[in-house]
Structure formats: structure tokens, C-alpha cells
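Enquirer: Last residue of the sequence shown: number 84 in this note's numbering, and the count goes up by one each step with no gaps. Every residue, glycine too, gets a C-beta built ideally from N, C-alpha and C. Note that the structure is predicted; figures quoted are calculated from it, not measured.
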Amino acid sequence: MKVKLTSHSYGSSLRKGVKKMEITQHAKYTCTFCGKNAVKRHSTGIWKCSGCKKVTAGGAYTVSTPAAAAMRSTLRRLREIAEV
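(1) Go through its chain and collect everything with a Cβ distance to V55's Cβ below 6 Å, but skip five positions before and after it.
(2) By how many angstroms is the C-alpha of A68 removed from the C-alpha of S13?
(3) Considering only C-alpha positions, which residue in the set G17, A38, V18 is nearest to A85?
(4) Taking Cβ positions, are R15 and Q25 nearer each other than 9 Å?
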């Protein structure tokens, strides 16, 4: 559902923020399981791949949040330390 914030009463910074959010929300993303560019937002935080039918949890507007990327990096580093 597209939010119509075209009136001058909302301000340009709010309209630009909503536009950026809606573009990322409605974009297609690459599936980490099958590699196809077929992941779309199903509902808030739920992302579904139409190629392999996998359902994953992610951010509200993007598949992967910056916090999740930082956590994956930290876990990978800790696993490498544990192997040594």
C-alpha cells in the first residue's frame, strides 16, 4: 500500500524519507539459498523467495539490517578464533 504524502503540509524531508523507505520495501532482493533475484516482502519482517519458496525473517523494510550484518561478522570472527 502506497502512502500518499504529496501535499505540501508534510514537508520535503518527510516525503523523501517515506520515498526511500518505500523503494527499499518494494524492491526485489537476492535469495541467500537459491541465488535468484526473487525475494519480496511478505509482511513486516517476513521475506519470501518466489523461486525456492523459502521464508526468512529480516528487517521491516530491507532483507538484512545493519545490525544483522554486524552480528554475522562478529559470529564469523568468533568461529574463526574458536577453530584455532
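Expert: Concretely, from the data shown:
(1) K48
(2) 27 Å
(3) Absent from the model: residue 85. The displayed extent of the chain is 1 to 84, so no value can be given.
(4) no
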